[in-house]
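Beneath this line is the structure, given in structure tokens, with notes to follow.
Residue numbers (the working numbering): 1 to 372.
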């Protein structure tokens with residue numbers, strides 16, 4: 001479970017200064033903060049992310065730095081338990097949180113008169129972000145698959161294992177080469193693959209390292225919301241809005257072609273528990289805009305922001321009935337569809353024939369696929 005946030009700023013006169021922390025009770029050790037700062041500025045001092053283990057504070061830290069060349073060099077430190085790693089929450093979510101915090105900090109710098117109110121808004125955002133991260137520990141299987149797709153490292157691992165079985169050592173080497181950086185915690189990165197049962201880890205006689213076999217695959221896509229389409233064909237909630245809805249669905253899917261850019265967009269939406277809860281809600285039936293149920297701690301403004309994001313990404317459609325009431329319909333369902341990787345059977349045969357795969361490994365993988 002994440003401990004909290006510590007935000008520091010580098011100043012020419014005072015050095016590293018703590019700007020904001022949440023919760024207020026979290027302990028700050030400036031020596032530790034300087035250690036993280038030095039990890040960032042080693043080299044060119046550019047913007048980026050580092051992971052640091054602090055033995056004294058008994059914390060792991062996922063830290064984002066805006067860079068020494070930025071107008072305001074901020075360091076955003078997500079403090080984690082000693083055994084925790086940021087990968088368990090997904091690269092995309094952490095990246096999004098950091099960017100939103102930077103946006104808040106820039107607003108505070110640019111609006112000094114409103115700074116107290118903006119700081120309060122930022123602290124509330126930090127509180128909400130911690131709650132969000134806690135919820136990420138309990139994602140559904142579909143969300144975990146979306147998490148794999150949305151992360152650069154996990155998506156690359158999936159692509160590598162779609163080619164053929166690899167030893168952990170091989171996988172790490174190929175991954176580091178493709179991403180052009182060191183991967184120090186491969187087991188943590190592999191965790192969502194294990195939890196979703198996409199891979200099998202096993203030994204083969206004569207092999208000096210554990211092997212990773214892909215046993216199931218998946219695709220991220222949009223699909224027509226079958227239940228709502230069925231209801232609309234029966235003129236629910238009313239004939240006029242039902243026909244408008246059916247026309248909107250037909251128009252969208254007549255032009256829909258899945259692509260990686262769109263898939264990444266919808267995957268990042270699926271792994272956000274707050275947004276995913278509403279998608280799951282709208283799969284069941286349309287809702288009047290003013291009667292959408294609120295989640296714990298949600299305000300009308302926060303729900304409006306979520307609805308706006310879903311509408312902009314063509315996941316929901318707001319339709320007005322003849323009385324003027326606005327209804328929220330699920331325009332496109334976003335799904336992670338698991339499937340049997342039949343394509344691997346021919347790949348295994350071909351790799352074996354060409355001498356790229358040992359017989360024992362080929363037999364083992366075919367056996368795993370047969371029993372998947």
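The beta carbon of each residue, even a glycine, is placed where N, CA and C say it ideally should be.
Practice prompt. Keeping to the same chain, check which residues put their C-beta closer than 7 Å to that of residue 100; ignore five residues upstream and five downstream.
Written response: Here the set comprises 125.
Worksheet item: Between the beta-carbon of residue 57 and the beta-carbon of residue 29, is there less than 8 Å?
Response: The beta carbons of residue 57 and residue 29 sit closer together than 8 Å.
Worksheet item: Are residue 327 and residue 278 closer than 8 Å when you measure CB to CB?
Response: No; because the gap between Cβ atoms is not below 8 Å, this pair is not in contact.
Discussion item. How far does the beta strand (DSSP E) with residue 15 in it extend, from its first residue to its last?
Written reply: Start and end: 15 to 22.
Item to complete: Could you tell me the boundaries of the beta strand (DSSP E) in which residue 221 lies?
Response: 217 to 223 is the extent of the beta strand (DSSP E) around residue 221.
Fill in: DSSP three-state assignment for residue 53, whether helix, strand or coil
Three-state DSSP puts residue 53 in a strand.
Worksheet item: Along the chain, where does the alpha helix (DSSP H) that runs through residue 32 open and close?
Response: 30 to 41 is the extent of the alpha helix (DSSP H) around residue 32.
Worksheet item: Starting from residue 59 and walking both ways along the beta strand (DSSP E), at which residues does that stretch end?
Response: Counting along the chain, the beta strand (DSSP E) containing residue 59 begins and ends at 59 to 65.
Item to complete: Whole angstroms is fine: what's the gap from residue 53's alpha carbon to residue 90's?
Response: C-alpha of residue 53 to C-alpha of residue 90: approximately 19 Å in a straight line.
Worksheet item: Does the Cβ of residue 225 have 16 or more other Cβ atoms within 10 Å, making it buried, or fewer, making it exposed?
Response: By the 10 Å Cβ count, residue 225 comes out buried.
Practice prompt. Specify, as a first and last residue, the run of the beta strand (DSSP E) that residue 201 falls within.
Written response: It spans 199 to 202 - the beta strand (DSSP E) in which residue 201 sits, taken as one unbroken run.
Practice prompt. Tell whether a beta-carbon distance below 8 Å holds between residue 84 and residue 103.
Written response: No, these two residues do not count as a Cβ contact at 8 Å.
Fill in: Backbone secondary structure at residue 289 - three-state DSSP
Looking at residue 289 - three-state DSSP - the assignment turns out to be helix.
Discussion item. Beta-carbon within less than 8 Å of residue 339's beta-carbon, same chain only, minus the 5 sequence neighbours each way: which residues are those?
Written reply: Closer than 8 Å at the Cβ level, and outside the excluded window around residue 339, lie 216, 217, 218 and 219.
Fill in: Collapsed DSSP secondary structure at residue 376 in the structure displayed
The question about residue 376 has no answer, for the chain in this structure spans 1 to 372.
Item to complete: For my contact list, residue 153 and residue 175 are in at a C-beta cut-off of 8 Å; report their separation, rounded to the angstrom.
Response: 7 Å between Cβ atoms; contact.
Worksheet item: Mind pulling the beta strand (DSSP E) runs of 3 or more residues that sit fully within the stretch 150 to 203?
Response: DSSP runs (the beta strand (DSSP E)) wholly in the stretch 150 to 203: 199 to 202.
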